[in-house]
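Below is one structure, written out as structure tokens; the observations come after it.
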Amino acid sequence: MTLLIDLFGYLSIILHGLTITAQSVALGGVLFLIFLARPLAHRLGPAGTLLLRDAARLSAWAAAAMALCSAANVALETAALAGTLDLPALGILGAGFAVAGIVKTAAALLIAALLFARGGRAPLAPLLALVVVALGAAVATTHAAARLDDRLPLALVEALHQLGAAIWIGGIPCFLIALHHAKDGAAWRLAGARFSRMSMAGVACILASGIVMSLLYIGDWQGFYGTAYGVMVGAKIAMFLMLLGLGGMNFLLVERLRADPGTPILRLRRFAEVEIGIGITIFFAAASLTSVPPAVDLTQDRVTWQEIVERNTPEWPRLRSPDHDVLALPALQAKLDAEAAARAAAPQAAFVPGSGAMPPRNADDIAWSEYNPHWAGLFVAAIGLLALANQAGLRWARHWPLLFLLMAAFLFVRADPEVWPLGEIGFFESLRDVEVLQHRAFVLLIVVFALFEWRVQATGRRDGWTPLVFPLMAAGGGALLLTHSHAIANVKDQLLIELTHTPLALVGVVIGWSRWLELRLNPPMSRVAGWVWPAGLAIAGCILLLYREA
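Quick note: to get our numbering, add 266 to the position in the sequence shown (first position is 1).
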């Protein structure tokens with residue numbers, strides 16, 4: 267229980283991200299059935315029958331996942347509150363968030379039951395009613411429900427935002443099913459044109475509601491760049507623009523089908539796959555937003571533009587590290603050990619992972635924290651340059667993934683000096699600290715995709731699932747980086763550090779999905795994508811070289 271409470275904040279963001287993803291696919295799938303699959307089934311012939319079956323099946327499983335994630339979220343929050351406030355669990359289940367979660371779980375289970383039982387022929391009116399109930403319950407756990415003023419208008423705007431995400435991003439998996447079953451240009455054009463209109467409606471919902479929420483939750487330009495809420499909204503906007511670009515190119519391809527039914531649709535499929543991936547990343551960014559207050563509520567400790575410019579003015583990278591024993595925590599532990607020895611008493615731990623207290627920091631800690639990303643930046647920049655050389659035909663450079671293993675070993679040792687192998691805190695004990703846990707997870711990600719990608723580069727394989735490990739890991743790492751936070755007491759310093767994380771996360775998303783397109787598209791588009799991700803690695807290395815904490 268204690269460990270659960272310690273990790274509650276981070277686990278709740280991850281679980282909320284999974285819930286939003288499942289919700290969007292489930293509700294988007296139902297809307298796809300209502301507005302595309304059922305009306306067009308008879309015109310698509312046998313492909314229409316298969317589309318109804320598979321779209322209903324996918325939506326049913328997504329609804330089941332939504333119910334599971336929603337129930338797990340209620341259980342997690344209930345357990346955390348019961349453990350911290352010593353309240354009875356039954357009493358907590360009567361709170362607004364728990365009631366909303368239970369309602370959403372029930373609605374999702376009913377959607378799944380209807381679709382599993384009746385498939386694509388499930389009655390539309392009950393399904394649509396359950397979509398409305400699930401959407402209302404989801405809105406009841408957002409910032410809109412917690413406002414004292416304008417609660418109803420904000421709730422309607424939030425519902426419009428989530429509805430737009432479900433129609434557009436949540437409907438894409440079913441659209442891919444439609445493209446799979448359709449066998450000719452006329453059918454592709456029919457399904458593509460209808461889904462394009464649905465997507466434009468979803469985009470309009472997202473855009474209109476996003477503008478309203480930005481005005482009401484952010485308020486002004488300083489709230490946009492000077493608060494964690496504003497910065498995360500900026501990341502969502504950047505990824506939304508990526509989605510608009512991909513969706514726009516797919517729209518043009520669908521229009522080409524009108525004139526030439528023989529137009530290849532491989533690009534349409536691959537871009538749709540990338541839209542799903544970026545959409546899921548946006549969902550995790552949205553989950554992160556729920557963990558921070560709206561910018562309009564944070565009137566103190568905002569970061570000024572001058573502070574951002576000063577912190578990000580380029581300086582020569584720090585390539586020399588301070589000694590471990592001059593860091594604040596080892597120095598404090600040595601002092602406590604000496605005092606305990608003088609009293610012949612048991613030594614007191616200077617820092618307990620997961621206790622909620624911030625570890626002490628001094629100027630040498632800042633220098634240590636800057637040294638690590640600067641050397642990591644050298645590794646990543648070198649990897650990017652070698653990958654570019656490999657793209658240019660220099661085959662000796664194909665072993666560039668092995669440098670990731672060296673970087674992973676460096677980060678494993680250096681990332682958290684207070685824990686094993688440098689510090690006195692044991693490996694498993696240190697995992698109670700959320701920041702340490704995230705660092706270890708990133709190191710594991712680096713090792714996994716380094717090993718897989720080295721095998722891919724060494725053998726030249728492009729088929730099977732093995733080559734897809736690197737793009738999925740890179741894109742997933744970018745998504746997780748948006749949920750990463752530093753345990754620093756000073757709110758301004760924490761935000762200034764995380765301002766570096768956001769561009770790195772966005773670059774990670776571009777790296778992962780451009781590599782995906784290189785593997786999944788045909789020339790010449792694959793060759794273009796093949797130059798994008800190595801350049802992205804080099805850019806990520808430069809960002810790390812500019813990292814500063816003071």
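By construction, the Cβ of each residue, glycine as well, lies at the ideal position given by its N, Cα and C atoms.
Minimum C-alpha distance to residue i - residue among the options
{"i": "LEU651", "options": "ILE805, LEU299, SER462 and ARG304", "result": "ILE805"}
{"i": "ALA675", "options": "ALA716, VAL398 and ASP591", "result": "ALA716"}
{"i": "PRO419", "options": "LEU810, LEU482 and ALA525", "result": "LEU482"}
{"i": "THR344", "options": "ILE542, LEU324, ASP415 and ILE368", "result": "ILE368"}
{"i": "THR565", "options": "PHE298, GLY314 and THR493", "result": "THR493"}
{"i": "GLY357", "options": "LEU306, TRP454 and ALA341", "result": "ALA341"}
{"i": "ALA633", "options": "ARG323, GLY436, PHE301 and GLU815", "result": "GLU815"}
{"i": "ALA504", "options": "CYS471, ILE544, ALA525 and ARG417", "result": "ILE544"}
{"i": "LEU585", "options": "LEU375, TYR813 and GLY349", "result": "TYR813"}
{"i": "ALA378", "options": "ALA326, PRO683, VAL709 and GLY362", "result": "ALA326"}
{"i": "VAL291", "options": "LEU281, GLY489, PHE617 and ALA322", "result": "ALA322"}
{"i": "TRP799", "options": "LEU316, GLY774 and VAL700", "result": "GLY774"}
{"i": "LEU822", "options": "ILE484, ILE542, VAL478 and ALA648", "result": "Nothing can be reported for residue 822, as the shown portion of the chain is limited to 267 through 816."}
{"i": "ASP486", "options": "ALA612, TRP571, PRO527 and LEU772", "result": "TRP571"}
{"i": "SER462", "options": "PHE441, LEU765 and LEU414", "result": "PHE441"}
{"i": "LEU811", "options": "PHE678, ARG706 and TRP641", "result": "TRP641"}
{"i": "PRO619", "options": "ASN656, LEU703 and GLY796", "result": "LEU703"}
{"i": "ALA400", "options": "ALA329, ILE300, PRO625 and HIS767", "result": "ALA329"}
{"i": "VAL709", "options": "LEU688, ARG728, PHE678 and SER696", "result": "PHE678"}
Per-residue burial, residue i [other beta carbons within 10 Å of its own, 16 or more giving buried]
{"i": "ALA755", "result": "With a pLDDT of 49 at ALA755, under the threshold of 50, the modelled position of this residue cannot be trusted; read the value that follows with caution. Exposed."}
{"i": "ILE777", "result": "buried"}
{"i": "LYS502", "result": "buried"}
{"i": "LYS370", "result": "buried"}
{"i": "PHE694", "result": "exposed"}
{"i": "THR268", "result": "Here the model assigns THR268 a pLDDT of 49, short of 50, so the residue's position is not dependable, and the following value carries that caveat. With fewer than 16 Cβ atoms within 10 Å of its Cβ, THR268 is classed as exposed."}
{"i": "PRO305", "result": "exposed"}
{"i": "ASP699", "result": "buried"}
{"i": "ASP320", "result": "buried"}
{"i": "GLY742", "result": "buried"}
{"i": "LEU747", "result": "buried"}
{"i": "ALA383", "result": "exposed"}
{"i": "HIS308", "result": "exposed"}
{"i": "VAL497", "result": "buried"}
{"i": "ALA740", "result": "buried"}
{"i": "MET332", "result": "buried"}
{"i": "ALA391", "result": "exposed"}
{"i": "ALA374", "result": "buried"}
{"i": "GLY275", "result": "exposed"}
{"i": "GLY802", "result": "buried"}
{"i": "ILE484", "result": "buried"}
Where the alpha helix (DSSP H) through residue i begins and ends
{"i": "ASN788", "result": "No alpha helix (DSSP H) contains ASN788, which DSSP labels as neither H nor E."}
{"i": "MET464", "result": "451-483"}
{"i": "ILE546", "result": "532-555"}
{"i": "ALA350", "result": "Ala is not the amino acid found at residue 350; the sequence shown has Thr there. Its alpha helix (DSSP H) spans residues 312-351."}
{"i": "THR725", "result": "700-725"}
{"i": "LEU746", "result": "735-747"}
{"i": "ASN656", "result": "629-657"}
{"i": "ILE358", "result": "355-358"}
{"i": "ASP416", "result": "Element bounds for ASP416: n/a, residue is neither H nor E."}
{"i": "TYR495", "result": "494-525"}
{"i": "PRO596", "result": "594-609"}
{"i": "GLY528", "result": "Here GLY528 belongs to no alpha helix (DSSP H), and DSSP marks it neither H nor E."}
{"i": "HIS446", "result": "438-447"}
{"i": "LEU376", "result": "362-384"}
{"i": "VAL402", "result": "Contrary to the premise, residue 402 reads as Gly rather than Val in this sequence. Start and end: 390-405."}
{"i": "GLN614", "result": "Segment: none, GLN614 is in no alpha helix (DSSP H) and carries neither H nor E."}
{"i": "GLU573", "result": "571-578"}
{"i": "MET673", "result": "668-680"}
{"i": "GLY489", "result": "487-491"}
For residue i: DSSP bridge partner residues
{"i": "VAL685", "result": "ILE691"}
Could you tell me whether the region 777-793 touches the region 531-539, using the rule of 3 or more Cβ pairs below 8 Å?
yes
Meets three-Cβ-pair contact criterion under 8 Å: the region 755-773 and the region 566-574
yes
Taking three-plus beta-carbon pairs below 8 Å as touching, is the region 539-556 in contact with the region 444-464?
no
Contact between the region 311-328 and the region 432-450: three or more CB pairs below 8 Å?
yes
Taking 8 Å as the cut-off, does the region 510-518 touch the region 590-608 (at least 3 CB pairs, one atom from each stretch)?
no
Under 8 Å, with one C-beta from each stretch per pair, do the region 423-441 and the region 459-473 reach the 3-pair mark?
yes
Three Cβ pairs or more, each shorter than 8 Å: is that satisfied between the region 608-618 and the region 651-664?
no
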